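A.B. asks:
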Amino acid sequence: MPVPKDGGRSYVDCLRDKATFVSSATLFICGAAFITTFNFVSIFSLSINIENFHVYFLSYTLSVLAIRLFLGWVPDRYGKWKIASPFVFFLGLSVFMLSFVHEVKLLVLCGIIFGCAHGFVYPSIYSIIIESNPKEARAKAFAISSVSFTGGGMLGSFVFGVVAEFFGFRTMFVSIALMVFLSFLFFTRSSVLKEREI
Numbered sequence: 050m051p052v053p054k055d056g057g058r059s060y061v062d063c064l065r066d067k068a069t070f071v072s073s074a075t076l077f078i079c080g081a082a083f084i085t086t087f088n089f090v091s092i093f094s095l096s097i098n099i100e101n102f103h104v105y106f107l108s109y110t111l112s113v114l115a116i117r118l119f120l121g122w123v124p125d126r127y128g129k130w131k132i133a134s135p136f137v138f139f140l141g142l143s144v145f146m147l148s149f150v151h152e153v154k155l156l157v158l159c160g161i162i163f164g165c166a167h168g169f170v171y172p173s174i175y176s177i178i179i180e181s182n183p184k185e186a187r188a189k190a191f192a193i194s195s196v197s198f199t200g201g202g203m204l205g206s207f208v209f210g211v212v213a214e215f216f217g218f219r220t221m222f223v224s225i226a227l228m229v230f231l232s233f234l235f236f237t238r239s240s241v242l243k244e245r246e247i
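Under the numbering used here, the first residue of the sequence shown is numbered 50, with each subsequent residue one higher.
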C-alpha cells in the first residue's frame, strides 16, 4: 500500500494515517517505559543496597552508542518495522528483569538490553512516522514523534511513580513491562505497517 501523497495536512490528518497512529501510540508507550525507568532505577537500586547504580547507565550508554555507531544501517537495509518490532519486546523484557534485580551483574545486563532496545526502537519508529507522511507534512510528523515519546514519559513517570509509592518498585517495573508487551502486540500485528514495508 503506497504512502498517501496529499500535502497540507494538519496534525489530526497525520494521525488519521493508520501507520502514523500505530507508531505514535507505540512510541508513547515506549517513552513512558524509557523515561520512567530512567527516573526511578537509581532510587530503586539504592533501596536494595546497590550503591554503584551508575553501572546501569554506563552499560546502557555503551550499548546504545554501539548500536547507533556500528549497526545504525540495519533498519534501513532490513526494514524499520521488522527491526523495531522484536526490540520493542526486548525493551519490555529489560524492564521486567529489573523487578528481579538483587545484584549488580543483573543490573548491568538490564542496562545492556535496555540500551540495545532503545538504540533500535527509537530511531526506527521515528523514521516510520516521518516516512508515513508526505514531504509537506514531515515537520508535523516529527513533532508528533517527539510529543509522543516525551508525553508518554511525562505521564508514565507520574502514573508509575504512584504505583511505586503504593506497591513498590518491583511491581512498578512489572506493570511497565506488561504495558510494553501489549504495545509490542499492537505494533507487530499492524497490517498497515506490514503492507507498506517501511
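Idealized CB from N, CA, C, for every residue including glycine.
Predicted model only: the values in this text are computed from it and were never measured.
Grab me the residues of F93's own chain with a C-beta within less than 6 Å of its C-beta, minus the 5 sequence neighbours each way, in chain order.
C.D. replies: So the list reads F218, once near-sequence residues are dropped.
A.B. asks: What's the call for H151, buried or exposed, on a 16-neighbour Cβ count within 10 Å?
C.D. replies: exposed
A.B. asks: Where do the ends of the alpha helix (DSSP H) carrying W122 lie?
C.D. replies: Looking at the DSSP string, W122 is not in any alpha helix (DSSP H), and its letter there is neither H nor E.
A.B. asks: Just the C-alpha distance for L118 and F169, rounded to the nearest angstrom, thanks.
C.D. replies: 11 Å
A.B. asks: If we count the other Cβ atoms within 10 Å of its Cβ and call it buried at 16 or more, is D125 buried or exposed?
C.D. replies: exposed
A.B. asks: Just mark K184 as buried or exposed, buried being the case when its beta carbon has 16 or more other beta carbons within 10 Å.
C.D. replies: exposed
A.B. asks: If we ignore side chains and look at the alpha-carbon of each, how far apart do G128 and E246 end up?
C.D. replies: Their Cα atoms are separated by approximately 7 Å.
A.B. asks: Tell whether a beta-carbon distance below 8 Å holds between C165 and Y105.
C.D. replies: Taking C-beta atoms as the reference points, C165 and Y105 fail to come closer than 8 Å.
A.B. asks: Near K67, which residues of its chain fall below 7 Å by C-beta distance, leaving aside the five closest residues on each side in sequence?
C.D. replies: The residues are V241.
A.B. asks: Do you know offhand how far L234's Cα is from L114's?
C.D. replies: So the two alpha carbons sit approximately 27 Å from each other.
A.B. asks: Following the continuous alpha helix (DSSP H) through I9, name the residue where it begins and the one where it ends.
C.D. replies: With the chain represented from 50 up to 247, any question about residue 9 goes unanswered, as that position is not in the structure.
A.B. asks: Should F215 go down as buried or exposed, given a rule of 16 or more other Cβ atoms within 10 Å for buried?
C.D. replies: exposed
A.B. asks: Rounded to whole angstroms, what is the Cα-Cα separation between L142 and I162?
C.D. replies: Cα to Cα, L142 sits roughly 8 Å from I162.
A.B. asks: Return yes when the Cβ of A190 is within less than 8 Å of the Cβ of I178, no when it is not.
C.D. replies: yes
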